[in-house]
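Below: one structure, written as structure tokens.
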Amino acid sequence: MQDAERLQDELRQRVVRTSAPIALPRTVTGLDVTYETGSDRAVAAAVVVDVASLAVAEVAIHRGLADFPYVPGLLAFREVPLLVAAVEKLATPPALLVCDGYGLAHPKRFGLASHLGVVLDLPSYGVAKTAFVGAFTPPAEARGSHADLTDDGEVIGSVVRTQTAVKPVFVSAGHRIGLADCISLTLRLSGRYRIPEPTRQADIESRKILREWQ
DNA sequence: GCGACAG
DNA sequence: ATCTTGTCGC
15 MQDAERLQDE
25 LRQRVVRTSA
35 PIALPRTVTG
45 LDVTYETGSD
55 RAVAAAVVVD
65 VASLAVAEVA
75 IHRGLADFPY
85 VPGLLAFREV
95 PLLVAAVEKL
105 ATPPALLVCD
115 GYGLAHPKRF
125 GLASHLGVVL
135 DLPSYGVAKT
145 AFVGAFTPPA
155 EARGSHADLT
165 DDGEVIGSVV
175 RTQTAVKPVF
185 VSAGHRIGLA
195 DCISLTLRLS
205 GRYRIPEPTR
215 QADIESRKIL
225 REWQ
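Using the numbering used here, the letters of the first sequence correspond one by one to residues 15 to 228.
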């Protein structure tokens, strides 16, 4: 546990924060992990989605055992090994990773998305479904509205309304990408659902494989 | 000290 | 995360 925190403190120094816009990638890769009830058996999925059509271009799966418990603030130690294994099975080299969870909007400014981005040295960001750290005032009801997520006087992320009158998602930069790009990409990748297509498909695919496995 | 706490 | 069906509503 203290070993993990020490490693986290070391890795966090390698995060690259930027506000420079990136070129729109042709594909993005969504990641998620599904667990078996009452055990640590897990399925990680990496799904490549075509940005223009939002169609799934490739799916890679890794089945394994999560060897670290879930501890708020240390989620990366539970999921990163499984996610890296899934990403390594892809034939398509990832251009940008979209994670289920937080990036800079983390107590140590080093959530799962930042951790994975640093480990794989790829641009990354996170989209979380519930609040974790930071304060915000709810964004307007219209799709596309967003409000700053702030902590200690700094903007660490954004609360984004991906569908009108639907609970917003929590977006934060992970590594080598600016928050503005994370927000616009999240909206571009959210077609008709609350969750952007890459992580939504990763959730669907990992659940599907877990069902077949059991 | 107490409560909260991504997935 | 996961245990869990139908049901209301756009």
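For every residue, glycine included, the Cβ atom is placed at its ideal position computed from N, Cα and C.
Query, Result
"Which residue's Cα is closest to the Cα of Ser138: Thr151, Pro153 and Val94?", "Val94"
"Below 8 angstroms on the Cβ atoms is my contact criterion, and I expect Leu201 with Thr176 to pass it. Report the Cβ-Cβ distance as a whole number of Å.", "6 angstroms"
"Hey, is the stretch 103-116 in contact with the stretch 141-157, meaning 3+ C-beta pairs nearer than 8 angstroms?", "yes"
"State yes or no: is the C-beta of Asp165 within less than 7 angstroms of the C-beta of Gly192?", "no"
"Do Ala71 and Ala260 count as a contact pair if the criterion is CB distance below 7 angstroms?", "Outside the displayed range of the chain (15 to 228) lies residue 260, so it cannot be described from this structure."
"Inspect the beta-carbon positions of Val61 and Gly78 and report whether they are closer than 7 angstroms.", "no"
"When the Cα atoms are used, what is the spatial distance from Ala18 to Leu130?", "14 angstroms"
"Taking the beta carbon of Glu219 as the centre, do at least 16 other beta carbons fall within 10 Å, making it buried, or is it exposed?", "buried"
"Since Val183 contacts Val169 with CB under 8 angstroms, what's their CB separation in whole angstroms?", "At roughly 16 angstroms, the Cβ-Cβ gap does not stay under 8 angstroms, so Val183 and Val169 are not in contact."
"Measuring alpha carbon to alpha carbon, tell me which of Val57, Thr106 and Tyr84 ends up nearest Arg40.", "Thr106"
"Who does Gly115 pair with in a DSSP beta bridge?", "Looking at the DSSP assignment, Gly115 forms no beta bridge with any residue, so it has no partner."
"Could you round the C-beta distance between Gly171 and Val180 to whole angstroms and report it? I think they count as a contact, below 8 angstroms.", "With a Cβ gap of about 18 angstroms, Gly171 and Val180 do not count as contacting."
"With distance defined between alpha-carbon atoms, name the residue in Leu224, Ile209 and Ser204 nearest to Val65.", "Ser204"
"Need the endpoints of the beta strand (DSSP E) that Val230 sits in, please.", "Outside the shown range of the chain, which is 15 to 228, sits residue 230, and nothing can be said about it."
"What number of angstroms, rounded off, separates the C-alpha of Cys196 from the C-alpha of Leu163?", "13 angstroms"
"Among Ser198, Val30, Ala99 and Gly87, which one has its Cα closest to the Cα of Gln16?", "Gly87"
"Would you say Val132 and Leu25 are within 7 angstroms of each other, going by their C-beta atoms?", "yes"
"Suppose you measure from the CA of Glu50 to the CA of Asp81; what does that come to, to the nearest Å?", "14 angstroms"
"Tell me whether the beta-carbon of Leu96 lies closer than 7 angstroms to the beta-carbon of Val42.", "no"
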